[in-house]
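Novice: So the sequence shown is numbered by the working numbering: it starts at 5 and just counts up by one.
To start, I am sharing the structure in question, which I have written as structure tokens.
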Amino acid sequence: MELEQVLHMNSDLGCSSGPNTLTAVSTIFDIIEASCQSLNINTPTFQVFLNDLPGNDFNAVFQSLSSFYEKLKKEKGDKFGPCFITAMPGSFYERLFPDNSIHIVHSSYSLQWLSKSRS
Numbered sequence: 005m006e007l008e009q010v011l012h013m014n015s016d017l018g019c020s021s022g023p024n025t026l027t028a029v030s031t032i033f034d035i036i037e038a039s040c041q042s043l044n045i046n047t048p049t050f051q052v053f054l055n056d057l058p059g060n061d062f063n064a065v066f067q068s069l070s071s072f073y074e075k076l077k078k079e080k081g082d083k084f085g086p087c088f089i090t091a092m093p094g095s096f097y098e099r100l101f102p103d104n105s106i107h108i109v110h111s112s113y114s115l116q117w118l119s120k121s122r123s
């Protein structure tokens with residue numbers, strides 16, 4: 005079995021500026037890491053896109069990244085693949101990414117606002 009070398013995630017549609025989004029990212033990492041270990045394959049490099057409206061205070065999230073990275077290294081060690089986190093401002097009602105570019109999407113809040121699913 006092969007896994008993409010770089011796993012692109014949109015975690016969390018409507019991320020706001022709080023720490024909950026990084027908790028979700030960490031949980032997703034744990035699940036993927038456990039799956040990779042059980043399949044005896046390497047954990048991929050992670051590219052994580054946080055999303056919220058352009059007026060969101062992304063700086064608050066970014067200021068907590070250094071402690072998040074330190075915690076990851078302490079818990080997972082050096083064998084855990086690199087992780088890159090960035091922001092994608094915009095409405096989740098509009099296209100945020102090109103086709104076939106995101107492998108995992110997580111939303112703990114925004115689904116209640118969608119009036120219909122996208123096809």
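A virtual CB, placed ideally from N, CA and C, is assigned to each residue, including glycine.
If you're wondering where the values come from, they're calculated on a predicted model, not measured in any experiment.
Provide the residue span of the beta strand (DSSP E) that contains CYS87, from first to last.
Specialist: Position 83 of the sequence shown, counted from the start, is the residue given in the question as residue 87. First-last of the beta strand (DSSP E) with CYS87: 87-93.
Novice: Out of curiosity, what's the CA-to-CA distance linking SER68 and ASP34?
Specialist: Position 64 of the sequence shown holds residue 68. Position 30 of the sequence shown holds residue 34. Using only the alpha carbons, I get a separation of about 19 Å.
Novice: Looking at C-alpha atoms only, which residue of ILE89, CYS87, LYS80 and GLU74 is the closest neighbour of ALA38?
Specialist: What you label residue 38 is simply residue 34 of the sequence shown in a count that begins at 1. Residue LYS80 is the option with its Cα nearest to ALA38.
Novice: Ends of the alpha helix (DSSP H) at GLN41?
Specialist: For this step, residue 41 is matched to residue 37 along the sequence shown. Taken as a continuous stretch (DSSP letters only), the alpha helix (DSSP H) holding GLN41 covers 24-43.
Novice: Between MET5 and LEU43, what straight-line distance do the alpha-carbon atoms span, to the nearest angstrom?
Specialist: Stepping through the sequence shown from its first residue, residue 5 is reached at position 1. Stepping through the sequence shown from its first residue, residue 43 is reached at position 39. With a pLDDT of 49 at MET5, under the threshold of 50, the modelled position of this residue cannot be trusted; read the value that follows with caution. So the two alpha carbons sit approximately 8 Å from each other.
Novice: With respect to the beta strand (DSSP E) encompassing ASN55, which residues constitute its N-terminal and C-terminal limits?
Specialist: By 1-based counting over the sequence shown, the position of residue 55 is 51. Element bounds for ASN55: 49-56.
Novice: Here's a check: name, in chain order, each residue in its chain whose Cβ is nearer than 8 Å to the Cβ of ASP103, leaving out the five neighbours to either side.
Specialist: Counting from 1 along the sequence shown, the entry for residue 103 is found at position 99. Within the same chain, ASP103 has no close Cβ partners at all.
Novice: Determine the DSSP secondary structure at LEU100, reduced to helix, strand or coil.
Specialist: Along the sequence shown, read from residue 1 onward, the residue named residue 100 stands at position 96. Looking at LEU100 - three-state DSSP - the assignment turns out to be coil, as it is neither helix nor strand.
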